[in-house]
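Top to bottom, those sequences are chains Y and Z. The first sequence: position 6 = 6 (our numbering), numbered continuously. The second sequence: position 33 = 33 (our numbering), numbered continuously. Inspection log for the structure reproduced underneath, given as structure tokens.
There are 2 protein chains.
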Amino acid sequence: MDTKGASFIGNVMDPDCPSRMVFARIGDKWATLVIQVLAEGPLRFSELRQTVHVVTPKVLTQVLRALERDGLLTRTVFAQVPPRVDYELTPLGRTLLEPLKALREWAESNVSAMLASRDDYDEREDAAILRPPGHPGR
Amino acid sequence: MDTKGASFIGNVMDPDCPSRMVFARIGDKWATLVIQVLAEGPLRFSELRQTVHVVTPKVLTQVLRALERDGLLTRTVFAQVPPRVDYELTPLGRTLLEPLKALREWAESNVSAMLASRDDYDEREDAAILRPPGHPGR
DNA sequence: ATACTGGGTTACCTTATGGATACCAAAGGC
DNA sequence: GCCTTTGGTATCCATAAGGTAACCCAGTAT
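Have a look at this one:
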């Protein structure tokens, strides 16, 4: 499998295909949130922490390093004290914004449907627990 | 926060907003793969295993139950022996196909760029390890 | 009688993820 | 001398995710 050619095209269903790893990365919960937060422009470490909220510095660092490694954002250190580090999407990273936005909008507008479905399902399950003894004792 | 209203709209950046959970689910690695595999029509359990590949029955069951609970697919049991169970996307599940397809296409066509970036990054890291002793012993 | 089938379940164990906490460096202010 | 600030690291620990292997059911085929 030639991963050096610039026009390599993958298949996410093949577990040995690197695009599956890529898909895993861009499907990662933290990564997707960070990318979307950076949509409007560069942010500092502490600003990211506040915007994405709750994430611990360790986790945020891991996510940022991974995204930097994958060429989706750049890390710029300013020689100041106290230090200042800006994170900014690369052009490649920016191309992810459209697909992620679609997914996000789906999520935000279909919450109710999914939560309602969960309630239904759980009620059905609760009822099933009470069903007559069709259930052989293991 | 009213999650009963049919037109509730969420915000994925709010860690307390249920849409964040939704986003986590539809960003889940296995879930996204399963949904895409079901794009072409209903499949049986064993067909799903073969197509998504490598996933163990336990994990596949978990993923399918979660997706069923969230109303993204239906599970139909045929009263046969040996049993036959079909999984099929609901209309709601089908609305996810478009956004997921975009993401998948992004992944499949940007693998090379990401892998190249990783190579660069790792080489820079390797070089950094050899840098002069600027590095205070902990 | 036994084996085979499909769609699981269960128990057990390992690994990955992520949270809490503490700490550090370097320059400037008090 | 000590505190403050920012952008992290280091360490430890708890939970979650996921893999392995064995087993189950019920009918049909051998």
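By construction, the Cβ of each residue, glycine as well, lies at the ideal position given by its N, Cα and C atoms. Because the structure is a prediction, the values reported are computed rather than measured.
Approximately 11 Å separates the beta-carbon atoms of THR76(Y) and GLU68(Y); this is outside 8 Å, ruling out the contact. When the beta-carbon positions are compared, ILE26(Z) and LEU96(Y) stay at least 8 Å from each other. With its beta carbon less than 8 Å from one in chain Z, ILE9(Y) belongs to the interface. PHE78(Y) sits exposed, since fewer than 16 C-beta atoms from the chains shown fall within 10 Å of its C-beta. For PHE78(Y), the uninterrupted beta strand (DSSP E) segment begins and ends at 73-78. Counting along the chain, VAL85(Y) sits inside no alpha helix (DSSP H); it lies in the beta strand (DSSP E) bounded by residues 84-89. For ILE26(Y), the enclosing alpha helix (DSSP H) stretches over residues 18-26.
CA-CA distance, PRO83(Z) to THR56(Z), rounds to 19 Å. Residue pairing by DSSP puts LEU43(Z) in a beta bridge opposite TYR87(Z). Under the Cβ criterion of 8 Å, ALA127(Z) is not counted among the residues facing chain Y. Among the residues facing chain Y, LYS29(Z) is included, as its CB has a counterpart in that chain under 8 Å away. A direct Cα-to-Cα measurement between ARG44(Z) and GLU108(Z) gives close to 26 Å. Around the CB of ARG20(Z), 16 or more other CB atoms lie within 10 Å, so the residue is classed as buried. Straight-line spacing of the CA atoms in LEU72(Z) and PRO42(Y) works out to 36 Å. Spanning the alpha carbons of LYS101(Z) and VAL12(Y) requires a straight line of approximately 11 Å. If you look at VAL59(Y), you'll find it in the alpha helix (DSSP H) that goes 57-69.
With the criterion set as a beta carbon lying under 9 Å from some beta carbon of chain Y, the members of the segment 39-54 of chain Z are THR51, VAL52, HIS53 and VAL54, in sequence order. Within chain Y, the residues GLY71 and LEU92 have their CB atoms less than 7 Å from the CB of ALA113(Z), given in chain order. At a cut-off of 8 Å between beta carbons, LEU89(Z) makes no contact with chain Y. For ARG118(Z), the nearest CB of chain Y lies under 8 Å from its own CB, placing it at the interface with that chain. At least one CB atom of chain Y sits nearer than 8 Å to the CB of GLU108(Z).
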